[in-house]
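Quick note, in my numbering, the sequence shown goes up one by one and the last residue is 417.
Glycine is no exception: its CB is placed at the ideal position from the N, C-alpha and C atoms.
Contents: one structure, followed by commentary.
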Amino acid sequence: MESFEAPTTIVDDIDVLKPDPQTYRPTELPEREDELSELHMALRPVTMGGTPHNCLIYGPTGQGKTVGVELKTAQLENWAEENDVDLTTVHVRCKGCDSSYHVLRQLVKDIREVRRGPGEDKPMGYQRKTLVEMVLEELEKIGGTIILVLDEVDAIGDDDYVLYELSRAEFEHAKLSLIGITNDLQFRSNLDADVRSTLGEREIHFSPYTAGDLQNILARRTVEALNETYFDGDEEVYQNLDSDVLTNEVIPLTAALSAQDTGDARQAIRLLRYACDLALEEEADQIVEEHVRSAKSRIETQATKQGIVSETIQRKVALIAVANAASEDETPAGTTDLYRRYCRICNQIDLEKNSQNTFREKLNDLAHSNILVKNRHGRGRGKGMTNTYDLSINLDLAIEGLEE
Ligand SMILES: Nc1ncnc2c1ncn2[C@@H]1O[C@H](COP(=O)(O)OP(=O)(O)OP(=O)(O)O)[C@@H](O)[C@H]1O
Ligand SMILES: [Mg+2]
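Shown next as structure tokens:
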């Protein structure tokens, strides 16, 4: 059995390489200076006794939207405390709430907790109109200026009732400003025109990080997370990074691999963390390029397996048919051959058979998810075209995914 007592020459504080905001939250985001300065402007009326503007913040996943809004509102709260201004911010995570009704229940709970401390339950069995009244009543009790952050607000889908009601609410003793955050561009354009113009009074777009941004983000994290790693110069940028436990290629490679995909900082941090874990596992005294490449391929393998696990039963059986052909070295295979194998498998496991056309659709879906590759060939002069399919992933991986 392996011992847990691994030497920790590489790592100082491993939790810094966790992208989870509960574990580690950066204290500055220089790559988001422009976006945060727009947010600063939108919130600034508070400092003049006014109501801050509503904002809609949007941009792809892992771009520092949540952490940026948290930093900015915390800064404003500090200012308010020092200057005796009555300001409250409430952060609500809408993820998992699939309708306005669920968001309203969450809101009642979260706002009550701001007033009375943790331990409130979500109200049960009320109509949504009553829930709106409860929310407004709670906000009125808090009073002063209230900034309500609705993070991952796209969870409500098409049902923007809660936004409609909140954006036109009026109070006697409170001023309310809403900050909606979303990574779903479609959500923004699908919003009801009224809601969009009120909520999107100020719109702030977080565009994807470049490889250079990601290098700096990773460099700052590694200085805190790893031993023998520091900035050799005033500026905390990758070019000034000096490390004995990380070779020069590691950060540029991790950043480049993540920038290629989506420029997602969360993904970049996760990749570096995985590479670090692999180095620790080997008891290596340095993280090297190979650790990053191998981490990337393991993460992809896990994602592919997860993709197979979450496929529907008919698509899984279609995949078994292709895997079966591949195991007999009969791939790429045509639809007719695969359909024959599919029917045999359906008989064996007592599953209702789809028609050949529907089966072909399942194959195409799998090709769309990059689990299969599809090719079109001519059958010969004047005989039309035929499609063939093959696994685009390794056979063992397909079998592992199917077994799970
Ligand atoms: N400029 C940055 N500097 C340091 N860390 C950052 C920066 N931007 C993002 N991060 C880190 O990347 C991770 C993802 O950031 P965040 O949760 O704010 O993304 P998001 O834009 O809200 O994504 P989602 O749309 O998925 O909610 C967090 O761990 C955060 O600390
Ligand atoms: Mg977020």
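Buried or exposed (CB count within 10 angstroms, at least 16 for buried), residue i
i: SER340; result: exposed
i: ALA317; result: A small fix is needed here, since residue 317 is Thr in this sequence, not Ala. So THR317 counts as buried.
i: LEU30; result: buried
i: GLY72; result: buried
i: ALA87; result: exposed
i: GLY193; result: buried
i: GLY62; result: exposed
i: GLU94; result: exposed
i: HIS115; result: buried
i: GLN119; result: buried
i: LYS188; result: buried
i: GLN252; result: exposed
i: ILE326; result: exposed
i: ARG57; result: exposed
i: ALA288; result: buried
i: ALA206; result: exposed
i: ASP167; result: buried
i: SER202; result: exposed
i: GLY414; result: buried
Alpha-carbon spacing of residue i relative to residue j, whole angstroms
i: ALA411; j: ILE321; result: 8 Å
i: GLU48; j: ILE23; result: 35 Å
i: CYS348; j: ASP172; result: A small fix is needed here, since residue 348 is Thr in this sequence, not Cys. If I take the Cα positions, the gap works out to 42 Å.
i: TYR137; j: HIS304; result: This sequence places Met at residue 137; Tyr is not what is there. MET137 and HIS304: Cα-Cα distance of roughly 50 Å.
i: GLU296; j: ASN91; result: 44 Å
i: SER307; j: LEU291; result: 8 Å
i: ILE169; j: ILE358; result: 41 Å
i: THR344; j: GLN299; result: 42 Å
i: ASN383; j: ASP409; result: 16 Å
i: THR260; j: ILE333; result: 43 Å
i: ASN400; j: GLN319; result: 27 Å
i: ILE264; j: GLN35; result: 24 Å
i: THR211; j: ARG389; result: 51 Å
i: GLU146; j: ARG125; result: 13 Å
i: ASP403; j: VAL386; result: 5 Å
i: ASP342; j: VAL335; result: 10 Å
i: VAL250; j: THR40; result: 15 Å
i: PRO131; j: ASN367; result: 52 Å
i: LEU293; j: LEU42; result: 29 Å
i: TYR174; j: GLY395; result: 58 Å
i: ALA55; j: ILE155; result: 22 Å
i: ASP378; j: GLN369; result: 14 Å
i: GLY246; j: GLU153; result: 51 Å
i: THR60; j: SER50; result: 15 Å
i: ARG234; j: ARG215; result: 31 Å
i: ALA338; j: GLU365; result: 21 Å
i: LYS135; j: ASP28; result: 32 Å
i: GLU262; j: VAL236; result: 16 Å
Three-state secondary structure (DSSP) of residue i
i: THR344; result: coil
i: PHE219; result: coil
i: ASP33; result: coil
i: THR40; result: coil
i: CYS371; result: In the sequence on display, residue 371 carries Thr and not Cys. Note: THR371 maps to helix in three-state DSSP.
i: PHE184; result: coil
i: SER323; result: coil
i: LEU379; result: helix
i: TYR139; result: coil
i: LEU364; result: coil
i: ASP47; result: helix
i: ARG389; result: strand
i: ARG394; result: coil
i: THR195; result: strand
i: ILE333; result: helix
i: ILE230; result: helix
i: SER271; result: helix
i: VAL258; result: coil
Closest by C-alpha distance to residue i, when choosing among the options
i: ASN426; options: LEU227, GLY109, LEU254; result: Since the first residue of the chain shown is 14 and the last is 417, residue 426 is not available in this structure.
i: LEU144; options: GLY130, ASP164, ARG129, VAL121; result: VAL121
i: ASP274; options: TYR243, LYS309, THR211; result: LYS309
i: SER204; options: LEU176, ASN196, GLU183; result: Here residue 204 is Leu; the residue named in the question, Ser, does not match the sequence. Of the listed residues, the one whose Cα sits closest to LEU204 is LEU176.
i: ASP163; options: PHE244, LEU89, CYS68; result: Contrary to the premise, residue 163 reads as Leu rather than Asp in this sequence. Cα-wise, what sits closest to LEU163 is CYS68.
i: ASP277; options: LEU117, PHE244, ASN196, SER50; result: ASN196
i: GLN315; options: GLU417, VAL258, LEU293; result: GLU417
i: LEU84; options: PHE244, GLY213, ARG38; result: ARG38
i: HIS381; options: ASP350, GLU324, MET398; result: GLU324
i: THR64; options: ASP28, ASN377, GLU183; result: GLU183
i: THR74; options: LEU198, ASP123, LEU191, TYR139; result: LEU198
i: HIS186; options: ALA338, ASP25, CYS356, GLU151; result: GLU151
i: SER190; options: ASN360, ASN407, HIS66; result: HIS66
- [ ] Please confirm if the stretch 73 to 80 is in contact with the stretch 212 to 227, defined as three or more CB-CB distances below 8 Å between the two stretches.
- [x] yes
Task: Three-pair Cβ contact test at 8 Å for the stretch 371 to 379 versus the stretch 280 to 289 - done: no
Task: At least 3 beta-carbon pairs within less than 8 Å: the stretch 95 to 107 vs the stretch 150 to 160 - done: yes
Task: At least 3 beta-carbon pairs within less than 8 Å: the stretch 260 to 269 vs the stretch 222 to 237 - done: yes
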